[in-house]
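Colleague: Note that numbering that gives the first Met the number 0 has the sequence shown beginning at 0, numbered continuously upward.
Glycine residues also receive a C-beta, built at the ideal position from the N, C-alpha and C atoms.
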Amino acid sequence: MKFRKSNAWIVETEHTIPVMREVDVLVAGGGPAGMCAALAAARTGARTMLVERYGCLGGIWTAGLVNPLFEYANKGAILADLVTALKTAGGWGGLWNMCFDGEQMKLLLDRMALEAGIDVLMHTLIVESLVEDGVVRGVVVENKNGRGAILARVTIDCTGDGDVAARAGASFGKGRSNDGLTQSMTLMFRVGGVKFQQKDASDLYSVIRQFAPEEAAGLTHNKPWIINLPRPGEAVVQMTHMLRMDGTRAEDLTAASMEGRRQVARAMEIFRKCASRLGDVYLIETAMQIGVRETRRIIGDYVITEDDLVTGRTFEDGMVTASFGIDIHSPDSADQIVRPVKPYWIPYRSQLPNGLEQILTAGRCISGTHEAHAAYRVTGTCAAMGHVAGTAAAMSVCAGVSPRKLPIDALKAVLAEQGLVCLP
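Put into structure tokens, the structure is as follows:
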């Protein structure tokens, strides 16, 4: 690549970028929201492409070792098919009877994507959004092949961080309203030799305080969990907290990953002191992907609020129902703030980035406040949002209209046929 250097800047000279693909629906990110978005779009008849940065599908489910599938019930045929297949393969069970085997999940997602005819491209980073007069036309990607463009009639941002929408010029919020700090990050880790069955959020912390009181005082998370997996003796552990980190900065992600591994090593030392209660616990692996709870919240046509959740507000365009409570892992302390909610609905408008056309969001980057986001960010709810976005994108392509102009009643009818019960 030719360039000019000027003080602290490198100026790229004009060059052509080959068009790699032209598709109906492009899904950015292959995590819970992205997988369900791609499957829904393909099953609804769209030529669908899915771009993923890692070498496996599943995102936080697989690369992040977040194995409990919260809020999976009543979320449509795609999630139901997924859970049924995991049960058939012996990869379902564990704590709360809602945990899965990560390797089984990887294999299953591969198979479902191939059977649906999705054009999957892994090991690929999205580096730019292609926008023309406020209309998103696709993205620019980079991988081992070099740089290329993917053109799409509708793009769905399932990156978690809202990367595509933000690079297209969408407005967004991030963190607490008073200081902008986002929820703490967690590096999950998988262990074996576990003989402990945790019942509530205080159990593991009580054991640590009993057998390793000095170490307990220094923990960055005072509600740690050992989450038993389907395979006997195995569990994933939520015990690390990286504070005051920004998941949209590579420097912070690097520091959080290193600090997370340091905290895991310390946790294993603590577990050895607690062996009489926990068992002879040994480390199997740390997650490849750091667990980022919160980054950009793309401002949509509607911003979901805490009041919407605690009052159980309904919406004419309510597409996804959820009941997981507000769960804020403090950005700057070991505290965890939990507040109950009533069953609530995610309005379709919250998935439409304000000021942009031909783009939808799904997952934790949809439009909401810091507090509301802390409830709807769990993976089952995110997956259902992806289902809505994928179906809406495919229907928009078929009808030749923007997702914003898609008739709500028509979308609800198709989603109902796909097993996703929307608000009447």
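Measure the alpha-carbon distance for A415 versus L422 and round it to whole angstroms.
Modeller: Their backbone Cα atoms lie some 10 Å apart in a straight line.
Colleague: Does the count of Cβ pairs from the segment 248-264 and the segment 32-46 closer than 8 Å reach three?
Modeller: Counting Cβ pairs under 8 Å, fewer than three are found: no touch.
Colleague: If you compare alpha carbons, which of G311, W224, E127 is closest to V206?
Modeller: The shortest C-alpha separation from V206 is found at W224.
Colleague: Taking M187 as the reference, which of V119, L64, I269, W91 has the closest Cα?
Modeller: Among V119, L64, I269, W91, the Cα nearest to that of M187 belongs to L64.
Colleague: With H, G and I counted as helix, E and B as strand and the rest as coil, what does DSSP make of F314?
Modeller: F314: coil per DSSP, three-state reduction.
Colleague: Return the first residue and the last residue of the beta strand (DSSP E) that P346 is part of.
Modeller: First-last of the beta strand (DSSP E) with P346: 343-346.
Colleague: Quick one: residues in its chain with C-beta nearer than 8 Å to the C-beta of V413, no 5 flanking neighbours on either side, listed in chain order?
Modeller: Closer than 8 Å at the Cβ level, and outside the excluded window around V413, lie T43, T390, M394.
Colleague: For the segment 20-96, which segments carrying the beta strand (DSSP E) assignment without a break, of at least 3 residues, lie completely within its bounds, in sequence order?
Modeller: The qualifying runs are 47-50.
Colleague: Tell me the residue span of the beta strand (DSSP E) that contains V130.
Modeller: That run of the beta strand (DSSP E) goes 124-131.
Colleague: Which residues mark the beginning and the end of the beta strand (DSSP E) in which R261 is found?
Modeller: Not the beta strand (DSSP E): R261 falls in the alpha helix (DSSP H), residues 249-272.
Colleague: Would you mind giving the Cβ-Cβ distance between V377 and F323, rounded to the nearest angstrom? I have them listed as a contact below 8 Å.
Modeller: Sure, about 5 Å apart at Cβ, within 8 Å.
Colleague: Quick check: what's the CA-CA separation for S275 versus A264?
Modeller: Straight-line Cα distance between these residues: approximately 19 Å.
Colleague: Determine the DSSP secondary structure at L228, reduced to helix, strand or coil.
Modeller: Coil.
Colleague: Decide if the segment 139-150 is in contact with the segment 10-23; the criterion is three or more beta carbon pairs, one per stretch, under 8 Å apart.
Modeller: Yes, since at least three Cβ pairs between the segment 139-150 and the segment 10-23 fall closer than 8 Å, the two stretches touch.
Colleague: Decide if the segment 175-182 is in contact with the segment 316-331; the criterion is three or more beta carbon pairs, one per stretch, under 8 Å apart.
Modeller: With the cut-off at 8 Å, the segment 175-182 and the segment 316-331 touch.
Colleague: Does Q237 come out as helix, strand or coil in the three-state DSSP assignment?
Modeller: Of the three classes helix, strand and coil, the one that applies to Q237 here is strand, per DSSP.
Colleague: Across the segment 220-239 and the segment 195-212, are there enough close Cβ pairs to call them in contact, namely three or more that are closer than 8 Å?
Modeller: Touching, yes, given that three or more Cβ pairs across the two stretches are closer than 8 Å.
Colleague: Is it buried or exposed, G399, if we count other Cβ atoms within 10 angstroms and call 16 or more buried?
Modeller: It counts as exposed.
Colleague: Would N62 be called buried (16 or more neighbouring beta carbons within 10 Å of its own) or exposed?
Modeller: The question names Asn, but residue 62 in the sequence shown is Ala. By the 10 Å Cβ count, A62 comes out buried.
Colleague: Below 7 Å CB to CB, which residues in the same chain sit around G232 once its five sequence neighbours on both sides are set aside?
Modeller: Taken in chain order, the residues that qualify are G191, G192, V193.
Colleague: Rounded C-beta distance between G430 and G58? I'm assuming under 8 Å.
Modeller: Nothing about residue 430 can be read from this structure; the chain reaches only from 0 to 423.
Colleague: Who are the Cβ neighbours of L49 in its own chain at under 6 Å, not counting the five residues just before and after it?
Modeller: Within the same chain, L49 has close Cβ partners V26, G29, A37, I117, V119.
Colleague: N66 to G89, Cα distance in whole Å?
Modeller: Cα to Cα, N66 sits roughly 14 Å from G89.
Colleague: Is L106 helix, strand or coil when you go by DSSP?
Modeller: Residue state, collapsed to three classes: helix.
Colleague: For the segment 286-305 and the segment 363-372, state whether three or more C-beta atom pairs, one from each stretch, are separated by less than 8 Å.
Modeller: Judged by Cβ distances under 8 Å, the segment 286-305 makes contact with the segment 363-372, as three or more pairs qualify.
Colleague: Should A382 and I303 be called a contact, given that it needs their Cβ atoms to be closer than 7 Å?
Modeller: Contact: no.
Colleague: If you draw a straight line from the C-alpha of L405 to the C-alpha of P212, how long is it?
Modeller: C-alpha separation (whole angstroms): 58 Å.
Colleague: Within a Cβ cutoff of 6 Å, which residues of the same chain sit near A215, ignoring the five residues on either side of it in sequence?
Modeller: So the list reads I207, R208, once near-sequence residues are dropped.
Colleague: How would you call H220, buried or exposed, if buried means at least 16 neighbouring beta carbons within 10 angstroms?
Modeller: The residue in question, H220, is buried, as its Cβ has 16 or more Cβ neighbours within 10 Å.
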